[in-house]
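These protein sequences, in sequence, are chains S and V.
Take 1 as the starting number for the first sequence in the working numbering and just add one per residue.
Take 160 as the starting number for the second sequence in the working numbering and just add one per residue.
Note that beta-carbon positions come from the ideal geometry of N, C-alpha and C, so glycine has one too.
2 protein chains.
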Amino acid sequence: MEKTSGLPFQQLLKERGLKSTRQRDEIARVFMESADHLSVDELCQRVRQKNPRIGYATVYRTLKLLAQSGWASARQFGQRTARFEHRTEGEHHDHLICLICGKIVEFASGRIEELQSRIAQKKGFRIFDHKLELYGHCADCLAKKEMTGKEVREKATNE
Amino acid sequence: MEKTSGLPFQQLLKERGLKSTRQRDEIARVFMESADHLSVDELCQRVRQKNPRIGYATVYRTLKLLAQSGWASARQFGQRTARFEHRTEGEHHDHLICLICGKIVEFASGRIEELQSRIAQKKGFRIFDHKLELYGHCADCLAKKEMTGKEVREKATNE
DNA sequence: ATGATTTTGAAATTCATTTTCAAAATATCA
DNA sequence: TGATATTTTGAAAATGAATTTCAAAATCAT
Ligand SMILES: [Zn+2]
Ligand SMILES: [Zn+2]
Ligand SMILES: [Zn+2]
Ligand SMILES: [Zn+2]
Chain S
1 MEKTSGLPFQ QLLKERGLKS TRQRDEIARV FMESADHLSV DELCQRVRQK NPRIGYATVY
61 RTLKLLAQSG WASARQFGQR TARFEHRTEG EHHDHLICLI CGKIVEFASG RIEELQSRIA
121 QKKGFRIFDH KLELYGHCAD CLAKKEMTGK EVREKATNE
Chain V
160 MEKTSGLPFQ QLLKERGLKS TRQRDEIARV FMESADHLSV DELCQRVRQK NPRIGYATVY
220 RTLKLLAQSG WASARQFGQR TARFEHRTEG EHHDHLICLI CGKIVEFASG RIEELQSRIA
280 QKKGFRIFDH KLELYGHCAD CLAKKEMTGK EVREKATNE
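As structure tokens, then:
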């Protein structure tokens, strides 16, 4: 029973009547230590480096717990497989996604958020979350297109 | 071979070396005549009122053609099933989605689009498409919550 | 410990979407 | 026109991400 740093996730589990287990703690820890935009596969692989017996289902379940309790949030990025990132109270960022190479670049714009609130208010909505995704071609891929002079047809594989 | 109005979709098929068929024309026509945010199921049902023998696969395939050629665009709205809407050159709108009743409200903001372009430019991206989705509770559902004084737990079913 | 409760992981299931493939429709051209 | 090549269709099978099932294992409260 190694203590996995003072992750408030365990606190939270207790509050919800859930148990803090070796698996959950490990998954939460690895998730919090990883860079954003991980797929479940990727997270599962990393987790298994420490404990190879952890099942996919548990990773999915824990990720859901993390999401429900505000530590993680799932993003779709135009693909079928979800990617997860950290969520920090009050902070928010959105994404530029390259349709060719799959690169994901983050940005934040208080101006846009402000305009969003105003629109929501006008329409009578109370907003809890939002997603702003800009799809296009990144600088690198634009340069490559320039080189070949051809339209690049391959789809982003995110591999 | 009834002519289904001057839908440029047929023109486009020809340009791409694809055939204009009874099924494709019918699916495209029904799609273009329908309100936005249809699911594939819903479109398929409507199409089958005219021709009950049209298969799901063909609806999916035609919708993909429509999307690739710029007539339709697919949206996800936080659910697993896609919804399709018309796309008009140069026009764009985004969405407010009620997490309780599933209501979808459209909006457009030139100010936001402008800020988006500026961000993309700064990051070296060339943007072709974007999605801005605001998730929250609509006025009606907020009113109901007020009435009961309780948090409403049901998820949007979009039924 | 004892027994109740929760969690786990492998396998099965779900469900939207895609693919397969043989039959049907359509185009090409002699 | 008829013969042949190509494309499209639709039913059924396959895919693939995510969820559920369930018996075994872990954990909790006496
Ligand atoms: Zn790129
Ligand atoms: Zn991010
Ligand atoms: Zn509502
Ligand atoms: Zn719309």
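C-beta contact flag for residue i and residue j at 8 Å
{"i": "I100 (chain S)", "j": "C141 (chain S)", "result": "yes"}
{"i": "K50 (chain S)", "j": "E26 (chain S)", "result": "yes"}
{"i": "H245 (chain V)", "j": "D195 (chain V)", "result": "yes"}
{"i": "F125 (chain S)", "j": "G295 (chain V)", "result": "yes"}
{"i": "F107 (chain S)", "j": "K282 (chain V)", "result": "yes"}
{"i": "L66 (chain S)", "j": "A72 (chain S)", "result": "yes"}
{"i": "A279 (chain V)", "j": "L12 (chain S)", "result": "no"}
Cβ neighbour criterion (16 or more within 10 Å) applied to residue i
{"i": "H95 (chain S)", "result": "buried"}
{"i": "L18 (chain S)", "result": "exposed"}
{"i": "Q68 (chain S)", "result": "exposed"}
{"i": "T221 (chain V)", "result": "buried"}
{"i": "R183 (chain V)", "result": "buried"}
{"i": "F190 (chain V)", "result": "buried"}
{"i": "A28 (chain S)", "result": "buried"}
Straight-line Cα distance separating residue j from residue i
{"i": "I112 (chain S)", "j": "L274 (chain V)", "result": "7 Å"}
{"i": "R46 (chain S)", "j": "R53 (chain S)", "result": "12 Å"}
{"i": "F168 (chain V)", "j": "R118 (chain S)", "result": "38 Å"}
{"i": "E89 (chain S)", "j": "G110 (chain S)", "result": "15 Å"}
{"i": "C257 (chain V)", "j": "R234 (chain V)", "result": "15 Å"}
{"i": "E33 (chain S)", "j": "F236 (chain V)", "result": "29 Å"}
{"i": "I286 (chain V)", "j": "G229 (chain V)", "result": "15 Å"}
{"i": "K145 (chain S)", "j": "T21 (chain S)", "result": "50 Å"}
{"i": "K173 (chain V)", "j": "D288 (chain V)", "result": "26 Å"}
{"i": "G55 (chain S)", "j": "G214 (chain V)", "result": "38 Å"}
Cut-off 8 Å between Cβ atoms - residues of its own chain near residue i, not counting five sequence neighbours on either side
{"i": "V59 (chain S)", "result": "I27, V40, L43, C44 and V47"}
{"i": "C138 (chain S)", "result": "L96, C98, I100, C101, K103 and V105"}
On the three-pair Cβ rule with 8 Å, is the stretch 31-48 of chain S touching the stretch 71-84 of chain S? Inter-segment contact for the stretch 31-48 of chain S and the stretch 71-84 of chain S is present: three or more beta-carbon pairs are separated by less than 8 Å.
Residues whose Cβ lies closer than 6 Å to any heavy atom of ligand 6, in chain order: In terms of ligand content, the structure shown lacks ligand 6 and carries ligand 1, ligand 2, ligand 3 and ligand 4 instead.
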